[in-house]
Amino acid sequence: MIPLRFVQFIDGASDALSTASLNEQIAGANAVFAKAGLRFKLAAPSQADWYDLGGSLAGPPSAVSSSPGHLDIVARGTDGSLLYRSWSSGSWWPSQTAWATLTVDIGGDPIIVSSAPGKLDVFVVGSDATLWHRSRSL
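Numbering of the sequence shown is given in full-length UniProt numbering, commencing with residue 1 and proceeding in unit increments.
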């Protein structure tokens, strides 16, 4: 059994990121994801409502949990900016529908990973075609 708490997808029509919160565990063999454009849907015994997290995204988001109850998401905005938001203690930062802009002029979709509890690393190709890295401890 894999504990699954959030599922994210981008709506191809509106370029908005949405998420669903699941209150159950889903067996890996029964969890099926189907791609329709840039939409990802969960085929499972039950599924929670989807919530619009706002933003205008140019590509798929990257998400990681660096500690229990905490989720960090990065994405590329349609203006070429690096966008960031986080979930902690039951709420979104900076708000339910806002994204924080970390930088501008990125050339590709960012990737976020956690190499240790409370540590985030973001990798992105810049508009200069070189790989950039940013690290943060929570």
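Positions of the beta carbon are idealized from the N, C-alpha and C atoms, including for glycine.
Exercise for the section: Spatial neighbours of residue 139 within its chain, please: CB distance less than 6 Å, with the 5 preceding and 5 following residues excluded, ordered by chain position. Expected result: Examination of residue 139 is not possible in this model, given that the chain is present from 1 through 138 alone.
Problem - Euclidean distance between Cα positions of S89 and L138 - result: 14 Å
Handout entry: Candidates I111, L57, G77, of which the one nearest V125 by Cα
Key = I111
Practice task
Going by CA-CA distance only, name the one from G80, S91, Q96, A116 that's closest to L102.
Solution key: G80
Handout entry: Neighbourhood of T97 by C-beta distance below 8 Å, restricted to the same chain and skipping five residues each side
Key = D52, L53, G54, G55
Practice task
Measure the C-alpha to C-alpha separation of L83 and A58 and round it to an integer number of angstroms.
Solution key: 11 Å
Problem - P3 - DSSP class collapsed to helix/strand/coil - result: For P3, the pLDDT reaches just 42, beneath the cut-off of 50, and the residue's location in the model is therefore unreliable, although a value from the coordinates is still provided. The answer is strand: DSSP assigns P3 an E or B state.
Exercise for the section: Specify the secondary structure class of G77 as computed by DSSP and reduced to three states. Expected result: strand
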